[in-house]
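For any residue, its number in my numbering is found by taking its place in the sequence shown, counting from 1, and adding 13. Note that the Cβ used here is the ideal one computed from N, Cα and C, for glycine as well. For reference, the structure is listed below as structure tokens.
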Amino acid sequence: MEDVDEIDAKLLSMLAEDSRQSYTDLAKTLNLSDVAVKKRIDKLMEKKIITNFSITVDQAKLGKALHSFLLLRTNPTETDSILAELRKIPDIGRISSALGPFDIVIEIHTSKISDLKRLTEEDIGNLKGVIEVRTLIMT
14 MEDVDEIDAK LLSMLAEDSR QSYTDLAKTL NLSDVAVKKR IDKLMEKKII
64 TNFSITVDQA KLGKALHSFL LLRTNPTETD SILAELRKIP DIGRISSALG
114 PFDIVIEIHT SKISDLKRLT EEDIGNLKGV IEVRTLIMT
């Protein structure tokens, strides 16, 4: 576990809230220089405490308001090949391996139930080694 001081903790909190903030804005809030903020961020990235800067897309505004998770139970010998095949499907968002009754969790945004059904039954359900697919539609 990496130790972070109080300033780094505040910096991480500020970046988590809005990673687009300039060094100048961060520096003003933290009472540091721009250079000091840049050095701290570089150090946090070097230590892999900060691994990337990302965006969150409002999928509903792109016409994909149906937010779902698929839980897959797989044949353990096929899990790696299933993960590779899932990464090729453009409609799939996040894919995670899991421990417990399900081996893979998939996050999907679609525009309608029929798209979700096609993905679940045809694209994913037919992959070799997929034993069970459970669908959770988020509200």
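> Counting pairs of beta carbons, one from the segment 42 to 50 and one from the segment 116 to 127, are three or more of them closer than 8 Å?
Replying inline: no
>> Looking only at its chain, what residues have a beta carbon closer than 8 Å to the beta carbon of I150, apart from the 5 residues adjacent to it on each side?
In response: L79, H80, S81, L129
> Got a sec? Which residues, its chain only, sit under 7 Å from T133 by beta carbon, not counting five neighbours each side?
Replying inline: L83, V146, T148
>> Using 8 Å as the threshold, is the C-beta distance between I105 and L96 below it?
In response: no
> DSSP state of R107, grouped into three classes?
Replying inline: strand
> Straight-line CA distance for L112 to T37?
Replying inline: 43 Å
>> My output table needs one value for E135: the three-state DSSP class, helix, strand or coil.
In response: helix
>> Just to confirm my understanding: we take S32, look at its own chain, exclude 5 residues before and 5 after, and list those with CB closer than 7 Å. What are they?
In response: F66
> Which ranges does the beta strand (DSSP E) cover as unbroken runs of at least 3 residues, wholly within the segment 56 to 109, from first to last along the chain?
Replying inline: 79 to 87
> Is DSSP giving R147 helix, strand or coil here?
Replying inline: strand
> When the Cα atoms are used, what is the spatial distance from P89 to H122?
Replying inline: 27 Å
> Ends of the alpha helix (DSSP H) at T152?
Replying inline: Where T152 is concerned, there is no enclosing alpha helix (DSSP H), given that its DSSP letter is neither H nor E.
> What does a CB cutoff of less than 7 Å around D136 pick up in its chain, not counting 5 residues either side in sequence?
Replying inline: I102
>> Taking its Cβ as the centre, do 16 or more other Cβ atoms sit within 10 Å of V143, making it buried, or is it exposed?
In response: buried
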